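Each residue of the sequence shown is one higher than the one before, counting from 1 in UniProt numbering.
Virtual Cβ for every residue (Gly too), placed ideally from N, Cα, C.
Since this is a predicted model, take the numbers as computed values, not measurements.
Encoded as structure tokens, the structure appears first; notes follow it.
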Amino acid sequence: MPQGRPSNSPTVPSHSNLTSARNTIAIDDATTTADTGIHNQALGSPNQYCERDNIARELAGIAWERARIALERITIACDRMDVAHQRMNLAHRLMNIARLRQSITLELEAHGYMSSARELMGTAYEHMDIGRELLAQAVEWLNQLVARGHSDAVRAAFSELDAEQQAIPGTTSATNNEGSSSAGSFDDPAREEQAHSPDR
Numbered sequence: 001m002p003q004g005r006p007s008n009s010p011t012v013p014s015h016s017n018l019t020s021a022r023n024t025i026a027i028d029d030a031t032t033t034a035d036t037g038i039h040n041q042a043l044g045s046p047n048q049y050c051e052r053d054n055i056a057r058e059l060a061g062i063a064w065e066r067a068r069i070a071l072e073r074i075t076i077a078c079d080r081m082d083v084a085h086q087r088m089n090l091a092h093r094l095m096n097i098a099r100l101r102q103s104i105t106l107e108l109e110a111h112g113y114m115s116s117a118r119e120l121m122g123t124a125y126e127h128m129d130i131g132r133e134l135l136a137q138a139v140e141w142l143n144q145l146v147a148r149g150h151s152d153a154v155r156a157a158f159s160e161l162d163a164e165q166q167a168i169p170g171t172t173s174a175t176n177n178e179g180s181s182s183a184g185s186f187d188d189p190a191r192e193e194q195a196h197s198p199d200r
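Have a look at this one:
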């Protein structure tokens, strides 16, 4: 096995495997369980090692941000599904009243609420699909970083993101309001007209 270079050496040993892998993060797979000397050989120098750790931390931050956005999308989807179900229930009630009164006007209004509910449900499923996809990507990315020995970077990135979110008052609630602004009881006549149009 080649001897370790001095810690301040800016070069990489001319071993073909190390040279071909020096620019890929996959090199960590072969060195996480090795001793410090071999690790320094593989990475080239302490400066290169620090740079790689910083990159891992940046990647972890991006992954956590994707996970947060994914959960927001899923929350919006759930809120929209709730509103869609409320509109469907209102449509069924109006349809029953329309049949009892034999009112074409009420029947048409009921169909309007049902169409609005179906459209809203469709957008809810779109948000849900996007949220699930983003969350799966984020989890896979974080698992890969942890497997390559960057669990500290993953934890540090999460702490930074969590601190940033707590420092912005109302960030989460503002996002959630996007998906729940039209939620509420449709027994209120003032809300029924607003709910009639499929604006969500």
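Can you list, in chain order, the residues of its chain whose CB lies under 7 Å from that of residue i, leaving out five sequence neighbours each side?
i           : result
residue 61  : 157, 160, 161
residue 153 : 53, 56, 57, 60, 145
residue 110 : 91, 94, 95, 98
residue 63  : 138, 141, 142
residue 163 : none
residue 65  : 161
residue 126 : none
Short of 6 Å in beta carbon distance, which residues of its chain neighbour residue i, apart from the five on each side in sequence? Order them along the chain.
i           : result
residue 150 : 56
residue 89  : none
residue 107 : 98
residue 16  : Because the pLDDT at residue 16 is just 38, under 50, the model does not fix this residue reliably, and the value given afterwards should be weighed accordingly. Counting only Cβ-Cβ distances below 6 Å, and skipping sequence neighbours, we find nothing.
residue 105 : none
So, residue i versus residue j, is the Cβ gap smaller than 8 Å?
i           : j           : result
residue 77  : residue 131 : yes
residue 113 : residue 155 : no
Among the options, whose alpha-carbon lies nearest the alpha-carbon of residue i?
i           : options            : result
residue 128 : 64, 80, 65, 147    : 80
residue 120 : 66, 72, 84, 163    : 84
residue 68  : 124, 148, 134      : 134
residue 73  : 124, 136, 147      : 124
residue 71  : 148, 136, 163, 147 : 136
Might you give, ordered along the chain, the residues of its own chain that have their beta carbon closer than 8 Å to the beta carbon of residue i, omitting 5 neighbours on each side?
i           : result
residue 103 : 97
Where do the N-terminal and C-terminal ends of the alpha helix (DSSP H) with residue i fall, by residue?
i           : result
residue 112 : 104 to 147
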